[in-house]
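Asks: What follows is a structure written as structure tokens; I'll ask about it next.
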Amino acid sequence: MRSFQGRDILSLRDVEREEYFRIFAVAEELRPHAESRRNTDLLRHKTLLTAFYQPSTRTRLSTEAAMHRLGGHVLGFSDAKMTRAGDFYQESLKDTARMLEYYGDVIAMRHHQQGAPEETARWSSVPVINCGDGWGEHPTQVLTDLYTIWRERGTLDGLRVLCVGDMRMRTMHSLLYAASQFDMEAMVVAPPDMSLLDDFTAELDERNVTYRAVESVEACIADADVIYVEPVVQADYTQARVEATQERGRTPAAYRVTRELLREKARRDAIILHSLPRMDELPTDVDATRHARYWVEAANGVVLRMALLALVLGAVE
Ligand code: CP
0 MRSFQGRDIL
10 SLRDVEREEY
20 FRIFAVAEEL
30 RPHAESRRNT
40 DLLRHKTLLT
50 AFYQPSTRTR
60 LSTEAAMHRL
70 GGHVLGFSDA
80 KMTRAGDFYQ
90 ESLKDTARML
100 EYYGDVIAMR
110 HHQQGAPEET
120 ARWSSVPVIN
130 CGDGWGEHPT
140 QVLTDLYTIW
150 RERGTLDGLR
160 VLCVGDMRMR
170 TMHSLLYAAS
180 QFDMEAMVVA
190 PPDMSLLDDF
200 TAELDERNVT
210 YRAVESVEAC
220 IADADVIYVE
230 PVVQADYTQA
240 RVEATQERGR
250 TPAAYRVTRE
260 LLREKARRDA
270 IILHSLPRMD
280 ELPTDVDATR
290 HARYWVEAAN
300 GVVLRMALLA
310 LVLGAVE
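The letter at position 291 of the sequence shown is residue 290 when you use numbering that gives the first Met the number 0, and the numbering goes up by one with no holes.
Here you go:
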């Protein structure tokens, strides 16, 4: 298996099956520190730099929390407008990267431009972790999701995963790339204008990913072991920031996962994941059902990112 030390985490395209399980094993080793809320000193000589050009609650804060749990240091920005990249100068990724690499030992980046973390990695001597790039990918989120499925179901093989939402979303891309490494079948439910793009399906076919389009949640929820939900009412991920408008629309019934559907059609042991934030596609009354795992998933986000930081910084092999 390749070492993770010094490795950029930009995409799940190139993560191999046994590497997922190595990350999960390290997460299990480090998990007691998160659960007991007692920081350790594994990364006391290391610094994380967070460069977030787009809003985030979970990804930035859980990555920073992970670094703190491991005794490391954290600095960064969460509003590019307060940097030279976001003002009059519009400083380039290249010039910015050549500064940031001196300030930290690993860079966690979110950007509205697809490929920005990859571009940054080209100019940085320290590892870059993609924390979401435009409509591109969201590797740390999907590693968290897979870790959650693995813990909850005990396996990543032999599973049917219902993916509902906007298939242009970066989480959907990372999830379907990862599916190539497991015995997984994806059932894909999306509005026609948010369906899988042709270039992407060509790539999935090339990678032998098993997926099929289904017209509604209702038509396939009974077959699902995992229900992976994302919004269809959502922001444009190519923008640095999108303000809320009064009229944000409602999610059509075909793309909603409701308590009634779960009661009437879902398998008793099906679990629901959602990377959050949610809109009305996942009503809050689902939270109290046995299917909900999205809060567990959010907590696992800290543990999984602890594992990733420890691996790329060479504190564990
Ligand atoms: N899931 C996720 O990426 O959430 P944030 O946008 O809050 O980071």
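Backbone N, C-alpha and C fix where the C-beta goes; we use that ideal spot for every residue, glycine too. Source: prediction; values computed, not measured.
If we call anything under 8 Å between Cβ atoms a contact, is glutamate 229 one with valine 256?
Replies: No, these two residues do not count as a Cβ contact at 8 Å.
Asks: When DSSP labels each residue in this structure, what does glutamate 184 get in the three-state scheme?
Replies: If DSSP states are grouped into helix, strand and coil, glutamate 184 belongs with the strands.
Asks: In the DSSP assignment, what residue or residues form a beta bridge with tyrosine 210?
Replies: Beta-bridge pairing links tyrosine 210 to Ala185.
Asks: Give me the Cα-Cα distance between alanine 120 and methionine 183, rounded to the nearest whole angstrom.
Replies: Distance between the alpha carbons of alanine 120 and methionine 183: 31 Å.
Asks: Quick one: complete alpha helix (DSSP H) runs, 4+ long, within the segment 46–100?
Replies: Whole alpha helix (DSSP H) segments, 4+ residues: 57–68.
Asks: Taking only the alpha-carbon atoms, compute the straight-line gap between threonine 49 and arginine 150 and give it to the nearest angstrom.
Replies: The straight-line gap from Cα to Cα measures roughly 28 Å.
Asks: Quick check on the contact list: which residues have their beta carbon closer than 7 Å to a heavy atom of the ligand CP?
Replies: Taking each Cβ in turn, the ones that pass are Pro54, Ser55, Thr56, Arg57, Thr58, Arg59, Gly131, His137, Gln140, Ser274, Leu275, Pro276.
Asks: Three-state secondary structure (DSSP) at arginine 21?
Replies: Three-state result, arginine 21: helix.
Asks: Across the segment 185–203 and the segment 257–276, are there enough close Cβ pairs to call them in contact, namely three or more that are closer than 8 Å?
Replies: No: fewer than three Cβ pairs fall under 8 Å.
Asks: Using a 10 Å radius around the Cβ and a threshold of 16 neighbouring Cβ atoms, would you call aspartate 165 buried or exposed?
Replies: Aspartate 165 is buried by the Cβ-count criterion.
Asks: Hey, would you say the C-beta of tyrosine 236 is under 7 Å away from at least one heavy atom of the ligand GTP?
Replies: The ligand GTP is absent from the structure shown, which contains only the ligand CP.
Asks: Buried or exposed for asparagine 207, please, with buried defined as at least 16 other CB atoms from any protein chain shown within 10 angstroms of its CB.
Replies: Classification for asparagine 207: exposed.
Asks: Go through its chain and collect everything with a Cβ distance to tyrosine 90's Cβ below 7 Å, but skip five positions before and after it.
Replies: Reading off the sequence, residue 90 comes out as glutamate, not tyrosine. Answer for glutamate 90: Arg83, Ala84, listed in chain order.
Asks: Within the continuous beta strand (DSSP E) that includes valine 225, where are the two ends?
Replies: 225–228 is the span of the beta strand (DSSP E), which, as asked, contains valine 225.
Asks: Starting from the C-beta of serine 274, find all residues in its chain whose C-beta is less than 6 Å away, skip the five residues before and the five after it, and write them out in chain order.
Replies: So the list reads Gln140, Thr170, once near-sequence residues are dropped.
Asks: Would you mind stating whether arginine 159 and valine 187 have Cβ atoms separated by less than 8 Å?
Replies: No, Cβ-Cβ distance for arginine 159 and valine 187 is not below 8 Å.
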